[in-house]
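For reference, the structure discussed in these notes is given below.
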Amino acid sequence: MIRVLVILGLLFAAAFGAVWVADRPGEVQVEWLGRSGTLTTSEALTVLIILLAVGVLLVELALAGLRLPKQMARRAEERRRERGFAALSEGLVAAAAGDRATAERAAAEAVRWLPGAPLTALLAARAAQLSDKPGAAEAAFMAMTEDPATLVLGLRGLYDEAVRQGDVAAARAHARAANLAAPALPWAAAAAFDAATAERDWDTALELNDAAMRHRLVERAVHKRRKAVLLLARAEEVAAEDPQAARRAAIKAHNLARNLVPAAVLAARLSAGRSRRQAMGFLEATWKLAPHPDLFAAYLAAGEAQSAADRLKRAEALAAMRPDHVESALGVAAAARAARAFARARAVLAPIAEARPTQRVAIAMAEVEAADAGDEGRVREWLARAVRATRDPVWIADGVIADHWEPISPLTGRLDRFEWRVPDGVADAAAPAIDLTALTPVRLASVAAAALPEPPAEAVLTAAGTTTPEAPANAETTAPPTPAPPQPATAASPAPEEAAAPTAMPRPSVPGARSVPSS
1 MIRVLVILGL LFAAAFGAVW VADRPGEVQV EWLGRSGTLT TSEALTVLII LLAVGVLLVE
61 LALAGLRLPK QMARRAEERR RERGFAALSE GLVAAAAGDR ATAERAAAEA VRWLPGAPLT
121 ALLAARAAQL SDKPGAAEAA FMAMTEDPAT LVLGLRGLYD EAVRQGDVAA ARAHARAANL
181 AAPALPWAAA AAFDAATAER DWDTALELND AAMRHRLVER AVHKRRKAVL LLARAEEVAA
241 EDPQAARRAA IKAHNLARNL VPAAVLAARL SAGRSRRQAM GFLEATWKLA PHPDLFAAYL
301 AAGEAQSAAD RLKRAEALAA MRPDHVESAL GVAAAARAAR AFARARAVLA PIAEARPTQR
361 VAIAMAEVEA ADAGDEGRVR EWLARAVRAT RDPVWIADGV IADHWEPISP LTGRLDRFEW
421 RVPDGVADAA APAIDLTALT PVRLASVAAA ALPEPPAEAV LTAAGTTTPE APANAETTAP
481 PTPAPPQPAT AASPAPEEAA APTAMPRPSV PGARSVPSS
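Residue numbering for the sequence shown follows UniProt numbering, starting at 1 and increasing by one per position.
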């Protein structure tokens, strides 16, 4: 609409000018090259306008001639880019679909038409991967790291290639380089963190954990939990050399994660010499959230040296904080047995034993019967029930069972993988390893033979330190061979004071998993 108005305005101005000139006649005398002529004003203006139009046209033609080479070059470049991007599109789709031949052909065309494009290098690397040419793929990704624009992309490709080839050291190196180049990159931050924890570099892992929180890569709860586990791992390492630093780290870990059992146990052990009340407070706080036999043993050991009756009172005080939990009953029963209060031990175990006892509950009942009256019939009955009873919780990480909690998985090296739970699929598995050492008042051989007339091959009965020839003591039933972990795992005992507590039966092994020996 505006353009129409402008055109109409110009036409009106031209008509007005023509009328104005016609109303004012005149002549223009022209002399050129010895010749002269006379033109009217209208004729002179018309000639002038024509000359201006011709001049403008000639200038435009000249400029167009000058611009023609650049335009032709630009058009050729556009055609090359169109062909290159078409090849890239076809090649990337083919690579994603696993079409090796099409991906290789498209990669060659892309290199021809777009030799310096980042996507061209990526397509060439993907095509090399499809062709099972790791050397070519690594070379392509390495070339990408030389360009700042594609540095992170190249490092990601090198990382993935190293993982495919099982080169753990190279994968960790590429992850660290990517994390340094782009700290806010989620995959690089996660991979660098996992590398630090697998190598037990707790200080670096703590820094990476804080950096991930600053860049909002992890939730606040995850950050706190990981920090607690890392502080606990560092405290366990330096406990022997620097008890005070270990104590501070353990207390901080306990405050960050009150349900972290090993943190409470270590904090209590390192604080017992300074303040027994504080040490017991750590254990009580965690016991209310996550009852565990290690907490019970550490709680009894944290008190001053007292009689068995006093230890029973302390055990009952702790159990009163979680009276409905099976660990409360087991702990009180062990303390009552040590105090020879057998009626009390039976009373706390009876409700659980009559419902659906676990292996530890059944064995505890057998211990009470053996220590009280030596009733072999009752002992045999409870031992038989122990063989068929529900499995007890164990420390398990990625299918691997360990005697003690560890900060990382011995199989994958990842942080905070251990859980205190019943292993999946083996809750009712038979043939646990049963230690009858505590049942010395009874004729163990006859009792074991009567309770277990035809034991499975996995069952191991040890008596007074002797081992049956079928299997070594504390034997474990192992699963098919699994890849060795990146680094031998060490099992750290969270509470050495457990030796002073009433004797607790060892947790049975789990068929179908490999136990992790403590170092």
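Glycine included, C-beta positions come from ideal geometry on N, C-alpha and C. All figures in this text were calculated on a predicted structure; none of them were measured in a lab.
Can you find the residues in the same chain that come closer than 6 Å, C-beta to C-beta, to residue i, ignoring five residues on each side of it along the sequence?
i, result
"Leu114", "Gly84, Thr120"
"Arg156", "none"
"Thr358", "Ala389, Thr390, Asp392"
"Arg322", "Pro291, Ser328"
"Val238", "Ala245, Ala246"
"Ala177", "Leu155"
"Ala336", "Leu312, Arg344, Ala345"
Going by DSSP, what residue range makes up the beta strand (DSSP E) through residue i?
i, result
"Ile396", "394 to 397"
Considering just the uninterrupted stretch of the alpha helix (DSSP H) at residue i, what are its terminal residues?
i, result
"Val361", "359 to 372"
"Gly157", "151 to 165"
"Glu376", "376 to 388"
"Val218", "Note, Val218: premise wrong, no alpha helix (DSSP H); not H, not E."
"Pro243", "243 to 256"
"Glu146", "First-last for Glu146: undefined, no H or E at that position."
"Arg176", "168 to 181"
"Ile352", "342 to 355"
If you drop the 5 nearest sequence neighbours on each side, which residues of the same chain put their C-beta closer than 7 Å to that of residue i?
i, result
"Ala140", "Ala121, Ala124, Ala125, Ala128"
"Leu130", "Ala95, Gly98, Arg100, Ala103"
"Glu138", "Leu158, Glu161"
"Ala136", "Ala128"
"Pro453", "Note on Pro453: pLDDT 34, under 50, position unreliable in the model; no value is reported."
"Ala175", "Tyr159, Ala188, Ala191, Ala192, Ala195"
"Ile2", "none"
"Ala492", "Residue placement at Ala492 is flagged as unreliable, the pLDDT there being 36, under the threshold of 50; the coordinate-derived value follows with that caveat. These residues qualify, in order along the chain: Glu236, His404, Glu406."
"Ser36", "Gln29, Val30"
"Ala149", "Pro118"
Looking at residue i: is its Cβ nearer than 8 Å to the Cβ of residue j?
i, j, result
"Val379", "Ala345", "no"
"Ala249", "Arg234", "yes"
"Lys288", "Leu256", "no"
"Leu283", "Ala263", "no"
"Ala290", "Val332", "no"
"Pro423", "Arg391", "yes"
"Ala22", "Ser42", "yes"
"Ala386", "Ala355", "no"
"Leu330", "Arg311", "no"
"Glu27", "Leu39", "yes"
"Arg414", "Thr204", "no"
"Ala347", "Ala298", "no"
"Thr286", "Arg314", "no"
"Ala87", "Glu109", "yes"
Where does residue i sit, in a helix, a strand or coil, going by DSSP?
i, result
"Ala290", "coil"
"Ala271", "Note that residue 271 is Ser in the sequence shown, not Ala. It is helical."
"Ser131", "coil"
"Ala402", "strand"
"Gly303", "coil"
"Val59", "helix"
"Ser328", "helix"
"Gly281", "helix"
"Thr437", "Residue placement at Thr437 cannot be trusted, given a pLDDT of 41 that sits under 50; what the coordinates show is reported in the next sentence. Helix at Thr437."
"Thr120", "helix"
"Leu11", "helix"
"Leu415", "strand"
"Gly34", "coil"
"Glu27", "strand"
"Thr197", "helix"
"Leu66", "helix"
"Leu266", "helix"
"Arg421", "strand"
"Leu39", "strand"
For the candidate residues the options, whose alpha-carbon lies nearest to that of residue i?
i, options, result
"Ala308", "Gly135, Lys288, Arg340, Pro291", "Arg340"
"Gly374", "Val326, Phe342, Pro262", "Phe342"
"Trp202", "Val229, Ala239, Pro183, Ala355", "Val229"
"Gly303", "Ala285, Ala279, Thr286", "Ala279"
"residue 521", "Gly154, Ala106, Glu90", "Here the chain covers residues 1 to 519 and nothing more, so residue 521 does not appear."
"Ala170", "Ile7, Ile2, Met142", "Met142"
"Gly116", "Arg81, Val222, Asn209, Glu219", "Arg81"
"Lys227", "Ala317, Asp416, Asp242, Val168", "Asp416"
"Ser271", "Gly65, Ala246, Glu419", "Ala246"
"Gln165", "Lys313, Ile401, Lys133, Val152", "Lys133"
"Ser409", "Ala62, Ile396, Val56", "Ile396"
"Arg200", "Arg421, Thr412, Glu419, Trp420", "Thr412"
"Leu217", "Pro183, Ala110, Glu78", "Pro183"
"Val152", "Arg172, Ala181, Ala173", "Ala181"
Skipping 5 residues on each side, what residues in its chain have a beta carbon closer than 8 Å to that of residue i?
i, result
"Leu232", "Ala249, Ala250, Ala253, Leu260, Pro262, Ala263, Leu266, Pro407"
The ligand SAH and residue i: does any heavy atom of the ligand fall closer than 7 Å to the residue's C-beta?
i, result
"Leu61", "Summarising the ligand content, the structure contains no ligands, and the ligand SAH is consequently not present."
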